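First the structure, in the form of structure tokens, and then the observations on it.
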Amino acid sequence: MAEITKEELRQPENLIYKKTDLLTDKPLSYCPGCGHGTAHRIVMEVLDEMGIQDQTIGIAPVGCSVLAYEFMNIDMQQAAHGRAPAVATAVKRLHPEKFVFTYQGDGDLAAIGTAETIHACNRGENIVIIFINNGIYGMTGGQMAPTTLPGMKSSTSPYGRDVATMGNPLKITELIAQLPGTIYVTRQAVHTPANVRKTKKAVRKAFENQKLNKGLSFVEIVSNCNSGWKMTPRQSNEWMVENMFPFYPLGDIKVND
Amino acid sequence: MKELRLMKGNEAFAEAAIRAGADGYFGYPITPQSEVMEYLMAEKPEERTGMIVLQAESEIAAINMVYGGAACGKRVLTSSSSPGVSLKQEGISYIAGAELPCVILNVARGGPGLGTIQPAQSDYFQSTKGGGHGDYKMLVLAPSSVQEMADFAGLGFELAFKYRNPVLILSDGAIGQMMEKVELDEQRPRFTDEEIKNNTPWATTGKTKDRERNIITSLDLDSYKQELHNLDLQAKYREMEKNETRYEAISCDDAEYLIVAYGTSARLSQKAVDLLRAEGIKVGLLRPITLFPFPTAVIAKLADQVKGILTVEMSAGQMIEDVRLAVGCRVKVEHFGRMGGIIPSPTEIVDAMHKKIIGG
């Protein structure tokens, strides 16, 4: 077998993967091993493949992905903590022809922003909500989130989440699936190539729904937080499969085609 | 063609907002301002101009909808009353930090807490000294008539876009609820996409190939950049002080005593000036129209001319602090006010002038 030089490898015909232009060259601020980077890439690839970069306005949350606008090469607004669905509502109402999405974590979407989430879903705003659920407040240093599992340790539940005093984890995705305003509600993950493909399909479907003015599409991505969970990236993914997935089972929850 | 109508202050503001070319209104019901959204919903501005009206789930959601709309370069507004405006403070701070233009109406009522639904002026500090977190200023307009409720909708948008800054219209339950004759401006067109692109190139409208992406944020984790941003904001506020200070001076030329009052208190004080002048006492009225920027220079000048100043506010005395700063202890400055939703009568103001200033 003839040896291939580096130069030959770099020829366009030999390239099998290229980062989408909709991701900037800025190094990601996420911890190595975190699922956010993959989720960012999936959303940007979908926008790129649909050719809607120039028609899309994204809303970044408060939390780890507060700086999403540094990495996503599209027009973006950074919303106050939990308010992204309200911000997105106005953008879409004033620009019905544009594509509008929010990208939010569990603290943002399911604790401080519960009202905005439920009411945007209930009004059936024609937007896409991307919800990253890693069961913890990552940015502020690993505090208990609304989605933290029973018994799970965090910096504000150092002896484990005691459901008697701290409440049960909130399955907000199942909750908003009950509302007539949501038309597509799904839960996915990005820890394996197969799951990445499924998630990308779901995100594509969500934006296609918006294109057809169908209503609100909600894509939850169960993800890891190896730093907040105090694990290696690999351990955290294994722990996620063993503990998070039984509580937050993957798959479509509601599909109104 | 201007149009003459008999309207409530709240309704006049709503109609004027449509005519000012507003793109979107986002609100939540609260007494005594609910007529703003009720009027808009009944009027169906979407059919008249394409303007959107949306009843939000909370004051918090409403102000964040304003954030989103303003970030798109649209003319957007919200309205509320004191407890609701307290809820909006977070969003207002973000709007000021991200330098977004919008109009916010506060038809103020008595506080603290749920207080009362009757008119008050006890939100002066909240309106002019921040309210939310961080070093920021809103441009604050204080209407004293139904006509000004209408006029300030258009003026508010003009100033908001001139400075990329939130404009607060600080009214009260009396001005919002009273009916007066009002002259309405002709319909102004809403911004076209082309105008938004040219006039607000920072707006998020979708990143086209010919420009870098637009980002609307108040965040900068680099302290040195955040300080520079703050310095820019302060420079903008100084510019507002230089260009936008508005006031009305009534019978001030020969005045030996002065009343300083805005909004409803200014209307009653004007009657008190007439009563005092009928007694032979030369009293003038200085009515601040902008509360930020405050008419400091003109009050400082009048302090050299008069023997004493009475501030009249429907509060425990908030604006008096700015009047005293302008006067700098050169003449006596005293406060007269009623609280809890009570509107002072002109004769009470006359008595206060006698007791606290002339005879005091």
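From first to last, the protein sequence lines are chains R and H. Just so you know, this note's numbering puts 1424 at position 248 of the first sequence, and the rest follows in order with no gaps. Just so you know, this note's numbering puts 827 at position 103 of the second sequence, and the rest follows in order with no gaps. Glycine is no exception: its CB is placed at the ideal position from the N, C-alpha and C atoms. Just so you know, these numbers come straight off a predicted model, no measurement behind them.
Buried or exposed: residue i, going by 16 or more other Cβ atoms within 10 Å of its Cβ?
i       : result
A1340/R : exposed
H1271/R : buried
I1180/R : exposed
R1054/H : exposed
N1310/R : buried
L892/H  : buried
A795/H  : buried
D859/H  : exposed
G1052/H : exposed
G1318/R : buried
S1412/R : buried
Y791/H  : buried
Q958/H  : exposed
V1431/R : exposed
D1284/R : buried
M1220/R : buried
E910/H  : exposed
E919/H  : exposed
L1000/H : buried
N788/H  : buried
N889/H  : buried
Near residue i, which residues of its chain fall below 7 Å by C-beta distance, leaving aside the five closest residues on each side in sequence?
i       : result
S993/H  : I983, A985, L1009, V1036 and I1073
T941/H  : A822
I1013/H : L865, A866, R970, Y971 and E972
S805/H  : I754, T755, P756, Q757, N830, V831, A832 and R833
K905/H  : L728 and L730
I1023/H : V984, L1010, V1047, A1050 and V1051
E968/H  : L863, L883, T1014 and P1017
W684/H  : This structure does not reach residue 684/H, given that chain H is present from 725 up to 1084, and the question cannot be answered.
M1320/R : S1330, T1332, S1333, R1337 and M1342
A1076/H : L1034 and F1060
L1204/R : G1213 and F1247
Along chain R, in chain order, which residues have C-beta atoms closer than 9 Å to that of residue i?
i      : result
E781/H : A1262, A1291, E1292, I1294, H1295, A1296, N1298 and R1299
D896/H : Per Cβ cutoff of 9 Å: no residues; D896/H is ~27 Å from chain R at best.
D747/H : L1270
Y948/H : The premise fails here: Y948/H is roughly 18 Å from chain R at the closest Cβ pair, so nothing lies under 9 Å.
Y860/H : Those do not exist, as Y860/H stays about 14 Å from chain R at its closest Cβ, beyond 9 Å.
Y818/H : Q1254, A1255, A1256 and R1259
Just to make sure I have the definition right: I need the residues of chain H whose C-beta is within less than 8 Å of the C-beta of residue i. Which are they?
i       : result
N1249/R : K931 and R937
R1259/R : I784, A785, N788, Y791 and G815
E1274/R : Checking the displayed sequence, the identity of residue 1274/R turns out to be Lys instead of Glu. Residues of chain H passing the Cβ test: T929 and G930.
Would you mind giving the Cβ-Cβ distance between residue i and residue j, rounded to the nearest angstrom? I have them listed as a contact below 8 Å.
i       : j       : result
P799/H  : G745/H  : In the sequence on display, residue 799/H carries Arg and not Pro. Going by Cβ atoms, the distance from R799/H to G745/H rounds to 6 Å, so yes, they are a contact pair.
I1218/R : T1232/R : 14 Å between Cβ atoms; not a contact.
E1414/R : R1363/R : That belief does not hold up - the Cβ atoms of E1414/R and R1363/R are roughly 19 Å apart, past 8 Å.
V1361/R : I1352/R : 7 Å
G1357/R : G1300/R : 3 Å
R1200/R : E1246/R : In the sequence on display, residue 1200/R carries Thr and not Arg. About 7 Å separates the two Cβ atoms, so the contact holds.
Using a C-beta to C-beta distance shorter than 7 Å, which residues of chain H count as neighbours of residue i?
i       : result
Q1231/R : G930
V1242/R : L943
Y1245/R : I939 and T941
Within a Cβ cutoff of 6 Å, which residues of the same chain sit near residue i, ignoring the five residues on either side of it in sequence?
i       : result
H1059/H : T1035, G1041 and I1044
Y749/H  : L764, V777 and L801
G793/H  : G748 and V800
G1032/H : Y981, V1055, K1056 and I1081
K726/H  : E907
K861/H  : Y961 and F1016
K1329/R : G1336
S1403/R : C1207
Once you ignore the five residues that flank residue i on each side, which residues in its own chain have a CB closer than 8 Å to its CB?
i       : result
G1064/H : G834, G839, T840, Q842 and A844
V1372/R : T1214, I1218 and V1366
What does residue i touch in chain H if you count any residue whose Cβ is under 9 Å from its own?
i       : result
T1265/R : F750, L778, A780, A785, N788, M789 and G792
Y1137/R : Residue numbering for chain R in the displayed model covers 1177 to 1433; residue 1137/R lies beyond these limits and cannot be assessed.
Along chain R, which residues have their Cβ under 7 Å away from the Cβ of residue i?
i      : result
I940/H : Q1253 and Q1254
C796/H : V1267, L1270 and H1271
Below 8 Å, can you find three or more Cβ-Cβ pairs linking the region 839 to 853 of chain H to the region 1028 to 1044 of chain H? Touching, yes, given that three or more Cβ pairs across the two stretches are closer than 8 Å.
Given 8 Å, three or more beta-carbon pairs between the region 1016 to 1027 of chain H and the region 866 to 884 of chain H: no
Three or more beta-carbon pairs under 8 Å between the region 725 to 738 of chain H and the region 1414 to 1423 of chain R, yes or no? Touching, no, given that fewer than three Cβ pairs across the two stretches are closer than 8 Å.
When the Cβ atoms of the region 1303 to 1311 of chain R are set against those of the region 1276 to 1287 of chain R, are three or more pairs found closer than 8 Å? yes
Are three or more beta carbon pairs between the region 770 to 786 of chain H and the region 1252 to 1263 of chain R nearer than 8 Å? yes
Cβ contact check for the region 1188 to 1196 of chain R and the region 1237 to 1246 of chain R: 3 or more pairs under 8 Å: no
Does the pairing of the region 1375 to 1395 of chain R with the region 1320 to 1333 of chain R give three or more beta-carbon distances under 8 Å? no
So, does the region 989 to 1006 of chain H touch the region 948 to 956 of chain H, judging by three or more C-beta pairs under 8 Å? no
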